[in-house]
Amino acid sequence: MKNNENKESSKKRGRKSNFKDEYSEQAFKLCLLGATDKEIADFFNVSEQTINSWKKKEPKFLESIKKGKNQADANVAEKLYKRALGYDCKATKFAVYEGAITDSKEYTEHYPPDTSAAIFWLKNRQPSKWRDKQIQDITSGDEKISLNVTVIDTKVPLANREEDIVD
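Set out below in C-alpha cells:
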C-alpha cells in the first residue's frame with residue numbers, strides 16, 4: 081500500500097507540456113527577427129502564459145530567448161550608432177544600354193551623420209544629461225497640475241570670469 085502512495089505522490093499534476101527541444105532554436109531565430117513574447121506564442125500556437133511557463137521550466141528555452149533578443153538589440157544599436165556618426169559603404173554603379181549592363185564601377189558611398197539618430201542615441205544612453213524636458217505632476221487638493229520644466233544643467237557655468245560677460 082505504501083508503494084502505491086509514493087507512486088501517486090511523485091506524479092505531476094496538470095496537463096503534460098507540449099514543449100519540444102527544437103522550440104529553443106526556433107525561438108532564438110524568431111527573437112533575431114525582433115519577435116515579442118506574444119509573437120512567439122502565436123508562432124507556437126500557445127498563449128503568452130505558456131511561453132512564460134516554458135521559460136521557467138526550460139532553462140535552454142529561456143536562454144535562447146534572452147540570447148536572441150540581446151543579439152537583435154545589439155545589431156540595431158550598432159546600426160543606429162553608425163547612422164548617428166555617419167559611415168562609408170561600398171557600392172556598385174552599373175551602366176545600362178538598351179536593357180543590358182555595359183559597365184560597372186565600384187565606389188564608396190558616404191552617408192553623413194544623422195542628427196536625429198544622434199539625439200535619439202544620447203537621450204536614451206544618457207537621459208540625465210540630454211533630456212529636453214521634465215514633466216512634473218503637482219497635486220493640490222482635488223486639482224492635478226502638470227508642468228513642463230525645461231532642464232538647464234547647473235553644473236555648466238554660464239560665465240566663469242567677468243570678461244566672459246557681454247554687456
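First residue of the sequence shown: 81, per my numbering; consecutive thereafter. We put the CB at the ideal spot given by N, CA and C, even for glycine.
Per DSSP, the continuous beta strand (DSSP E) segment holding V176 begins and ends at Y167 to Y177. Of all alpha-carbon atoms in K173, D183, V176 and R163, the one lying nearest the alpha-carbon of I199 is that of R163.
Sixteen is the threshold: since fewer than 16 other Cβ atoms of the shown chains lie within 10 Å of the Cβ of A175, the residue is exposed. In the DSSP assignment, T188 falls within the beta strand (DSSP E) that extends over A180 to Y191. For D117, the enclosing alpha helix (DSSP H) has its first and last residue at D117 to F124. In the three-state DSSP reduction, E223 falls in the strand class (E or B). Sorting I145, D122, R93 and Q129 by C-alpha distance to the C-alpha of S104 places I145 at the top.
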